[in-house]
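Just so you know, the sequence shown maps onto residues 184 to 551 in our numbering.
For glycine and all other residues, C-beta sits at the position ideal for the given N, C-alpha and C.
These numbers were taken from a predicted model, which means no experiment stands behind them.
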Amino acid sequence: IIFSNIIVNKIKEIKDRKEVYYSYINQTISGYSSIKGSKLENYIIKEFKHRNHQYILKKHEFNKLIVCGNLINEFLDMILNIFPIMIGGIYLYNKTIAVSTIITYTYLTGYIFDPIKNISDINTKFKDMKISFIRILEVMGKKNNNNHTLLKKINKIEFKNIHFFYIDAKPVLKNMNLVINDMDKIMIIGKNGSGKSSIMKLLIGFYKQNKGEILFDGINTSNYNENTIRDNILYLKEKEMLLNDSILNNITLKRKISNNLLNKVINICDLKDLINRKSLNHIINEDGSNISGGEKQKIILARSLLLNKKILILDEATNQIDLYKERKILKNILKTYSDRTIIFISHRQSNQDLFQRILKVEKGYVHE
Numbered sequence: 184i185i186f187s188n189i190i191v192n193k194i195k196e197i198k199d200r201k202e203v204y205y206s207y208i209n210q211t212i213s214g215y216s217s218i219k220g221s222k223l224e225n226y227i228i229k230e231f232k233h234r235n236h237q238y239i240l241k242k243h244e245f246n247k248l249i250v251c252g253n254l255i256n257e258f259l260d261m262i263l264n265i266f267p268i269m270i271g272g273i274y275l276y277n278k279t280i281a282v283s284t285i286i287t288y289t290y291l292t293g294y295i296f297d298p299i300k301n302i303s304d305i306n307t308k309f310k311d312m313k314i315s316f317i318r319i320l321e322v323m324g325k326k327n328n329n330n331h332t333l334l335k336k337i338n339k340i341e342f343k344n345i346h347f348f349y350i351d352a353k354p355v356l357k358n359m360n361l362v363i364n365d366m367d368k369i370m371i372i373g374k375n376g377s378g379k380s381s382i383m384k385l386l387i388g389f390y391k392q393n394k395g396e397i398l399f400d401g402i403n404t405s406n407y408n409e410n411t412i413r414d415n416i417l418y419l420k421e422k423e424m425l426l427n428d429s430i431l432n433n434i435t436l437k438r439k440i441s442n443n444l445l446n447k448v449i450n451i452c453d454l455k456d457l458i459n460r461k462s463l464n465h466i467i468n469e470d471g472s473n474i475s476g477g478e479k480q481k482i483i484l485a486r487s488l489l490l491n492k493k494i495l496i497l498d499e500a501t502n503q504i505d506l507y508k509e510r511k512i513l514k515n516i517l518k519t520y521s522d523r524t525i526i527f528i529s530h531r532q533s534n535q536d537l538f539q540r541i542l543k544v545e546k547g548y549v550h551e
């Protein structure tokens with residue numbers, strides 16, 4: 184009763200924190216491949232630690248309040264229980280002192296050790312939360328693999344005799360051979376399900392080929408540290424993760440970005456209209472439900488360009504943008520980042536004239 188109003192307020196605070204916390208976890212899990220493909224693990228882990236810390240603080244404050252309330256209640260209860268015994272002891276002092284002592288001792292020990300047990304239970308719960316937290320960090324890729332060879336730059340990518348198929352399924356890629364050189368501008372076309380995306384997912388390690396090898400400058404990719412591969416390669420697919428945060432923070436990931444650089448990617452990705460209508464501080468709902476699919480892709484593309492990777496893979500990453508604006512954005516990217524390797528994957532047949540090389544994936548084979 185004494186703490187009822189405070190407890191209600193604390194419960195509201197915890198529920199608010201919990202909603203934000205679990206919403207973020209849900210976004211992170213659903214966008215796991217996006218995080219790995221864009222190498223956003225460090226940012227996501229930093230944000231997770233912050234939100235986890237805020238949530239735990241509120242839980243800890245609440246638990247301390249509950250323990251204090253329990254201590255007071257039990258103390259008052261103890262007084263009420265001991266009082267009759269004390270009165271009875273006064274009247275029967277000469278005859279029942281031993282019984283009174285035992286009764287008093289029983290009550291005292293019960294009320295002393297029960298709160299201690301509560302504190303111990305809370306400590307156990309925090310240990311459990313800590314273990315869960317560590318596990319999430321491990322899954323998100325905080326721990327590197329055992330390969331320590333660092334990859335500073337990729338000048339040549341080779342796919343040699345690649346065979347790839349899913350379990351109990353027809354081959355996706357058959358004896359594929361392909362060379363991608365530094366600064367190549369490549370468009371990969373083909374029907375949905377033809378294996379276009381599988382080629383790039385093999386490249387970044389999402390999939391493992393059944394036969395053949397992939398080489399970076401003549402060295403098998405398995406010899407390289409996985410994180411250093413993603414330091415060089417950015418892979419964007421059709422549906423990527425947006426944060427329940429401002430447009431600005433979704434683009435910059437809360438990093439300090441100069442106005443010139445920010446305006447540069449805004450212009451490249453044709454985001455001016457959206458920002459003029461809503462402002463950079465406009466909050467995007469979970470999974471971008473309050474903006475269009477094309478606007479989501481533009482924001483994600485702008486964010487990706489700021490990551491400054493040497494190899495940019497766009498896997499249907501602009502397919503929700505109308506054809507005219509898609510072409511405009513592609514022209515901007517190809518002109519501005521002419522020193523990068525750019526691979527554009529699409530089921531659309533348009534924009535082939537913008538690229539140096541056209542690869543067609545059909546029935547498991549790659550034709551140029």
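{"Check": "Counting C-beta neighbours from all protein chains within 10 Å, is the total for arginine 413 16 or more, i.e. buried, or is it exposed?", "Outcome": "buried"}
{"Check": "Quick check: the Cα distance between arginine 460 and isoleucine 430, rounded to an integer number of angstroms?", "Outcome": "12 Å"}
{"Check": "Determine the contact status of isoleucine 382 and tyrosine 418, defining contact as a CB-CB distance below 7 Å.", "Outcome": "no"}
{"Check": "Checking 7 Å against the spacing of the C-beta atoms, do leucine 497 and phenylalanine 527 come in under that value?", "Outcome": "yes"}
{"Check": "Just to confirm, is the Cβ distance from asparagine 415 to isoleucine 516 under 7 Å?", "Outcome": "no"}
{"Check": "What are the boundary residues of the beta strand (DSSP E) that tyrosine 507 is part of?", "Outcome": "From DSSP, tyrosine 507 is part of no beta strand (DSSP E) but of the alpha helix (DSSP H) over 506-519."}
{"Check": "Report yes if the C-beta distance between lysine 394 and histidine 346 is below 7 Å; otherwise report no.", "Outcome": "yes"}
{"Check": "To test your reading of the DSSP string, which unbroken beta strand (DSSP E) runs of 3 or more residues are found completely within the stretch 363-445?", "Outcome": "368-372, 394-399 and 416-419"}
{"Check": "Assign isoleucine 228 to one of three DSSP states: helix, strand, or coil.", "Outcome": "helix"}
{"Check": "My guess is that threonine 519 and methionine 366 are in contact by the Cβ rule of under 8 Å, so how many angstroms apart are they, rounded?", "Outcome": "13 Å between Cβ atoms; not a contact."}
{"Check": "Would you list the residues sitting across from threonine 332 in a DSSP beta bridge?", "Outcome": "Tyr407"}
{"Check": "Within the 7 Å Cβ cut-off, does valine 448 reach chain D?", "Outcome": "The structure shown contains no chain D; it is built from a single protein chain."}
{"Check": "Given a threshold of 16 other Cβ atoms within 10 Å of its Cβ, counted over all protein chains shown, does cysteine 452 qualify as buried or as exposed?", "Outcome": "buried"}
{"Check": "Where does aspartate 522 sit, in a helix, a strand or coil, going by DSSP?", "Outcome": "coil"}
{"Check": "With respect to the alpha helix (DSSP H) encompassing leucine 468, which residues constitute its N-terminal and C-terminal limits?", "Outcome": "Note that residue 468 corresponds to asparagine in the displayed sequence, not to leucine. Where asparagine 468 is concerned, there is no enclosing alpha helix (DSSP H), given that its DSSP letter is neither H nor E."}
{"Check": "Starting from asparagine 576 and walking both ways along the alpha helix (DSSP H), at which residues does that stretch end?", "Outcome": "Residue numbering for the chain in the displayed model covers 184 to 551; residue 576 lies beyond these limits and cannot be assessed."}
{"Check": "For the beta strand (DSSP E) holding isoleucine 340, just list the boundary residues, first then last.", "Outcome": "339-348"}
{"Check": "Specify the secondary structure class of aspartate 456 as computed by DSSP and reduced to three states.", "Outcome": "helix"}
{"Check": "Would you identify the three-state DSSP class for lysine 493, choosing helix, strand or coil?", "Outcome": "coil"}
{"Check": "Do you know offhand how far leucine 489's Cα is from valine 448's?", "Outcome": "7 Å"}
{"Check": "Does the beta-carbon of tyrosine 349 have 16 or more other beta-carbons within 10 angstroms, so that it is buried, or is it exposed?", "Outcome": "exposed"}
{"Check": "Let's see if you can read the secondary structure: which residues bound the beta strand (DSSP E) around leucine 542?", "Outcome": "540-545"}
{"Check": "Assuming leucine 542 and isoleucine 369 are in contact, meaning their beta carbons sit under 8 Å apart, how far apart are those beta carbons, in whole angstroms?", "Outcome": "6 Å"}
{"Check": "Look at the alpha carbon of serine 529 and the alpha carbon of lysine 481, and state the distance between them as a whole number of angstroms.", "Outcome": "16 Å"}
{"Check": "Can you tell me where the beta strand (DSSP E) holding histidine 530 begins and where it ends?", "Outcome": "Where histidine 530 is concerned, there is no enclosing beta strand (DSSP E), given that its DSSP letter is neither H nor E."}
{"Check": "With distances taken between CB atoms, is the gap from glutamine 503 to glycine 471 smaller than 7 Å?", "Outcome": "no"}
{"Check": "Indicate the three-state DSSP secondary structure (helix, strand or coil) for asparagine 235 in the structure shown.", "Outcome": "helix"}
{"Check": "Measure the CB-CB distance between arginine 486 and isoleucine 440 and report whether it falls below 7 Å.", "Outcome": "no"}
{"Check": "Put asparagine 502 into one of helix, strand or coil per three-state DSSP.", "Outcome": "coil"}
{"Check": "Can you tell me which of Asn446, Asn338 and Asp400 puts its alpha carbon nearest to the alpha carbon of aspartate 522?", "Outcome": "Asn338"}
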